[in-house]
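Inspection log for the structure reproduced underneath, given as structure tokens.
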Amino acid sequence: MIFEGFIMLQHNGSFAMYNRDSYHQLTSGDRVEVDTGTEWIEMSVRRGLDGYFLHSKTFMFYLKMVYARFDTEGVCEGD
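Counting from 699, one number per residue, gives the positions in the sequence shown under the numbering used here.
Right, dumping it as structure tokens:
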């Protein structure tokens, strides 16, 4: 099942993904696809010394909120 919504940083430093119906807690190693506005970029959730961040082959970033999708049964598939 594809879960789509906003990934937000929680008060405890972890990530959770929210939409208007529910939420899904993300953990280190989870793979998500982030919406850049023009394409979906596959990234993974990682944990570093400064907390959780998103990582891809070409870049990484710490975030407060980003729109993404997560396949609860495996890897996301494109449009």
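C-beta atoms are modelled at their ideal positions from N, C-alpha and C, and glycine is treated no differently.
Could you have a look at residue i and say whether DSSP puts it in helix, strand or coil?
i: Arg-767; result: strand
i: Met-715; result: strand
i: Met-699; result: coil
i: Gln-812; result: Shown here, the chain extends from 699 to 777; a query on residue 812 therefore has no answer.
i: Asp-728; result: coil
i: Asp-777; result: Legend: pLDDT at Asp-777 = 41, less than 50; position of this residue unreliable, value from coordinates given subsequently. In this structure, Asp-777 counts as coil in the three-state DSSP scheme.
Measuring alpha carbon to alpha carbon, tell me which of the options ends up nearest residue i.
i: Met-747; options: Ser-726, Ala-766, Asp-769 and Glu-771; result: In the sequence as displayed, the identity of residue 747 is Leu instead of Met. Considering only alpha carbons, the answer is Ser-726.
i: Tyr-721; options: Glu-737, Asp-728 and Phe-704; result: Phe-704
i: Asp-728; options: Asn-717, Ser-742, Arg-718 and Thr-734; result: Ser-742
i: Phe-757; options: Gly-735, Glu-740 and Asn-710; result: Glu-740
i: Ser-763; options: Thr-736, Gly-711 and Lys-755; result: In the sequence under discussion, the amino acid at residue 763 is Met, which differs from the Ser named in the question. Nearest of Thr-736, Gly-711 and Lys-755 to Met-763, Cα basis: Gly-711.
Tell me which residues share the same chain as residue i and place their Cβ nearer than 7 angstroms to its Cβ, disregarding the 5 neighbours each side in the sequence.
i: Phe-759; result: Phe-751 and Leu-752
Note down, in chain order, each residue of its chain lying with its Cβ closer than 6 angstroms to the Cβ of residue i, except the 5 sequence neighbours on either side.
i: Ser-745; result: This sequence places Arg at residue 745; Ser is not what is there. These residues qualify, in order along the chain: Ser-726.
i: Trp-738; result: Glu-731
Below 8 angstroms on the Cβ atoms is my contact criterion, and I expect residue i with residue j to pass it. Report the Cβ-Cβ distance as a whole number of Å.
i: Glu-702; j: Asn-717; result: 6 angstroms
With a CB to CB cut of under 8 angstroms and the five nearest residues on each side skipped, what residues in its chain are close to residue i?
i: Ala-714; result: Ile-705, Met-706, Gln-708, Tyr-721, His-722, Gln-723 and Leu-724
At 3 residues or longer, what runs of the beta strand (DSSP E) sit wholly inside the stretch 737 to 768?
738 to 746 and 749 to 753
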